[in-house]
Each structure stands twice: as structure tokens, then as C-alpha cells.
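FYI, the numbering for the sequence shown is -23 to -1, 1 to 405, going by mature numbering (1 follows the signal peptide of the UniProt record, and there is no 0).
Here's the structure we're looking at; comments come further down.
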Amino acid sequence: MPLHSLSLLLGLALTAAATPAEAAPAPPPDFQGRALVVISDADQVPSAYVDGLLGPREGHDALSTIALATGRTHHTEVSNSVAGAPAALAVSPDGHYAFVAETFGQAGPAATRSSDLAPGTTLSLVDLTAPRIVQQVQVGKRLETADLDPAGDLLAVGLNPADGRGVAFVPFHDGRLGTPTYAQLPGVAPGTRICDVTWHPSGEFLGATLCDAGQVVFARVQRQAGAVTLQPWGPQPAVGKYPFKLVWARDGHHALVNNLQWGPDVEGFWTEAPQGEVASVRFDESPAQHHEVVDRAPTGVSPEGLVLGPDGRSVVTTNLERSYVPAGDPRKTWYSSLSLLTFDPGTGRLGHAGEFPFDGVLPESAVFDASGRYLAVTDFDHFDDRVPGGSVDFWRVTADPLDSRPVLVRTGASIPVQRGPHTIVLVP
């Protein structure tokens, strides 16, 4: 479908979702892009991370599509879960379709604890032009993340070790999902947790984080007669403690990973984690296959979200801090934060530009607009219980005019969504 036709359909569908008298919240007027796509896990309150109690229900899991020209939002019920890296959502290159990996199923009527949630099995295909689920495919047990290759015809879905099959590959052609096939990452034991799987910009390689092992692994993808095989591509660099997401530099010569510093030696596994960090790994496409960590930079606590700007030089992490800890617990921070880093794509070097605390809870994910001058940040919930739902908040990327020091500034623009937003993608 031509892009102008998609924009028209998307705008009409989203405008119809609100009454003419409704004054929709709007993004900053020069925020560039056609739409934002967000998935929300409505089944748990943030404090479930500490005490396991799901808390009062507030609606259903949803995919929210925000038309940036109008601020109009359409919500489609789609099962998803916050229990994993904020990478359970992918969008097709033309912006027509979204793919949602189900990590845990929605809570049943009797569910009160996180342990009551059944492992997810479903990959949902959502038509964004008139938002609705158009296909669902059973892929495995506890889908962790989903990423679409640059050509837009093959999804890589990381599976939890409970499934035992490593990575699922799901073809996508003519608006339909095909039959999954499976492959183990080379040199990775079936019981090793894969927290994220991401396509290299060339579409020839995959990168994955092995969070419990503190390593990343790279593999070369080969396709033949509908089957996908993975060949080892170099050693598995030790990158730090609990690497979560993997984001490729635009040219594919480096991979960035966020080390959360979680582990069994941390009280609550994550609750009392120290400051996190981002590591820069040089990726070697040559037959030498020599990968190495070239730099590190500090971040706030629990930097779950990691995003690289369209200029390829600005890096932001969304830091949970301890905003999710129950009220009354002395460890609770009544703030979350963003870390702003700089990245040199030539050398892989990182710089630390600053920390920016804000009044927000569990900011799992962020995305730059097409210009790189703004960020959209998910806010899972609010400290003020009188404010329902979650939100997408808008930040400006700017600089001190006297010393060119880059800073992040939270704007007054915010769009409400279903409680529990945790992964966000821009349709440029």
C-alpha cells in the first residue's frame, strides 16, 4: 500500500475512535512521525515486581495506536506482558502491521499473583490501518521478544528456556504469518535464557543477549528451502552483568547493550541493584570474527529501555530506579530517570551527558521521533492513584546554547494509554 494511502487510513481510523467534542491530548507540534504504537500489560501493578501481587485490575492488555497528526488514540485488546525486555513489539517497514509476542497470558478471573499467569504462546498480527487482530499463530512457550528483519519478511522470536527451542523464525508474506521453524543459537545451551534477539542491519546476522551468562552471542543466518539455520560467528564476548537489550549501530559495526546489574547476589534479584551501564561492542563482519567491548558508560538504576537516535549518536536509557517498590518500603524512589549518552559510530566510544530524574513509574521504553529532537517515553503508572492508566510522555532533546551540553527536558505533552505501557515503536 502506498505510504500516503496508509497515512490517510490510519488517520481516519484513529480519528473515528474519539468523539468530535473530545479534546485529544496532543504530542509536540513538531514531533515527526506518522504514529506511535504501544503495548500495555494491564494485569499487574508495578509493585508486583516486589511482592508478586497483581493488584486491582484496570482494563485489558492492549495495543494503542496514536496518530501523531491528531493525538487520537485507538486501543485494541492484545495479550502481552511486561515480564521481559521491552522488545515484544515490532512493526512492518511500511507501518501497516504490528507483531506482538505474548510472554504471559492475560490474568484469569481468579488470578491474584504473578505466578497465576500462564506462559504466553501466541504471536499476534495486528492491522494498524483499521486496528484489529487479523491473525494469531502459536509459536512456543513464553515468547520473550520479537524482531522483524530489515527486508520485512522474517520474524525472529526469542523463546524462554522453558520452551527449549531457542529462536523461532516466522515468515511474513502478503499480510500473513507463516509456519514457525526453530533453531538454537550456536554454542548456547538450551537452558540458557535469551533476553533479546535482534537482526543486524544487513539482515545477514543476529545478535542476542544472554542475560544470566553476562554475554552476547552473534550468529550468521542462512535460509534455504524455507528452513533457517544459524552458524556461529565469533566468540561470545563477556559484556557485563545481566545484559538485557541489544541495539545495533546504524552501520552495524557496533552493538550497544544495557547491563542491568541484576542477579541472585542482589537483594530481590533486582530491587537493590546498583547503577547500570551501557557497553559498546565492536562487531566484526570479516572472517576473523573478532568482537570486543570497546567502551562503557554509567546509567541510572535498572536501565531496562535502550534506544539509539536517528543521528546514530544519541543514546537514551529509561531507568526504573526503584519507582515500583510498594509505598511504605524505605527503598522506594519517588522518581524514575533517563540517562543521556553520546556514541561515536566510528570508534564505538561512549560519553555520559547526564541523568534526568522525573515524576514517573516504571518507564520501560522510549523512542526518538524521526528528527531526533524528541523522545516519547512510556510511563507504566502514576504515583498519584487518582490518575488512571499509564501514559506516553514527550521529552525534548536540546542543548545548552553556551556550552553545547546536550540535555533532556520533559515537555507538558502527555497522552494517556491503558495502564502498563512497556514497549513503544515509532511509525516514521
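For each residue, glycine too, the CB sits at the ideal point set by N, CA and C.
Residue(s) in a DSSP beta bridge with residue i
i: Ser314; result: Asn296, Pro334
i: Trp239; result: DSSP output for Trp239 lists no bridge partner at all.
i: Ile43; result: Leu13, Thr50
i: Trp176; result: Leu183
i: Val234; result: Leu223, Ala256
i: Gly135; result: Thr122, Val144
i: Leu339; result: The partner list for Leu339 (beta bridge, DSSP) is empty, contrary to what the question assumes.
i: Phe357; result: Answer is none; Phe357 lacks a bridge partner.
i: Leu154; result: Phe149
Continuous alpha helix (DSSP H) stretch holding residue i: start and end
i: Tyr26; result: 25 to 28
C-alpha distance - residue i paired with residue j, whole-angstrom precision
i: Gly61; j: Leu223; result: 13 Å
i: Pro303; j: Ser313; result: 14 Å
i: Thr122; j: Ser56; result: 14 Å
i: Ala(-6); j: Val394; result: Only weak support exists for where Ala(-6) lies, its pLDDT of 39 falling under 50; the coordinates are left without a value.
i: Ala87; j: His329; result: 47 Å
i: Ala(-3); j: Pro287; result: In this prediction, Ala(-3) has a pLDDT of 39, which is less than 50 and means its spatial position is unreliable; what the coordinates show is noted afterwards. The straight-line gap from Cα to Cα measures roughly 36 Å.
i: Ala139; j: Arg109; result: 30 Å
i: Ala46; j: Phe8; result: 9 Å
i: Thr169; j: Thr80; result: 17 Å
i: Gln252; j: Phe320; result: 19 Å
i: Gly155; j: Val147; result: 6 Å
i: Ala44; j: Gln238; result: 37 Å
i: Glu54; j: Gly82; result: 12 Å
i: Pro23; j: Leu339; result: 7 Å
i: Arg396; j: His37; result: 9 Å
Range covered by the beta strand (DSSP E) that runs through residue i
i: Gly389; result: 383 to 394
i: Thr89; result: That residue, Thr89, is in no beta strand (DSSP E); it is neither H nor E in DSSP.
i: Ile110; result: 109 to 115
i: Trp225; result: 220 to 225
i: Val193; result: 192 to 201
i: Phe371; result: 367 to 376
i: Leu403; result: 398 to 404
i: Phe76; result: 74 to 78
i: Asp288; result: Taken as a continuous stretch (DSSP letters only), Asp288 belongs to no beta strand (DSSP E), as it is neither H nor E.
i: Ser69; result: Unbroken run through Ser69: none, as it is neither H nor E.
i: Thr158; result: 158 to 160
Neighbourhood of residue i by C-beta distance below 7 Å, restricted to the same chain and skipping five residues each side
i: Val198; result: Glu181, Phe182, Leu183, Val205, Leu207
i: Gly211; result: Phe195, Asp261, Gln266, His267, His268
i: Ala145; result: Val116, Gly117, Val134, Leu136, Pro157, Tyr159
i: Pro127; result: Trp176, Pro178, Gly180
i: Val386; result: Trp372, Arg373, Thr375
Selection from the options that minimises the alpha carbon distance to residue i
i: Val258; options: Phe149, Asp38, Thr324, Pro209; result: Thr324
i: Arg119; options: Phe335, Gln161, Gly97; result: Gly97
i: Ala25; options: Ala376, Asp358, Arg363; result: Asp358
i: Trp247; options: Asp228, Lys309, Thr319, Gly229; result: Lys309
i: Ser91; options: Gln113, Leu125, Gln21; result: Gln21
i: Arg273; options: Glu249, His231, Pro307, Ala250; result: His231
i: Thr388; options: Cys172, Ser279, Val369, Ala44; result: Val369
Same chain, Cβ closer than 6 Å to residue i, five either side skipped, listed in chain order
i: Ser381; result: none
Close Cβ partners of residue i (< 8 Å) along its chain, the five nearest in sequence each way excluded
i: Val344; result: Leu13, Val284, Leu352, Ala353, Ile401, Val402, Leu403
i: Val68; result: Val14, Tyr74, Ala75, Phe76, Leu105, Leu125, Val402, Val404
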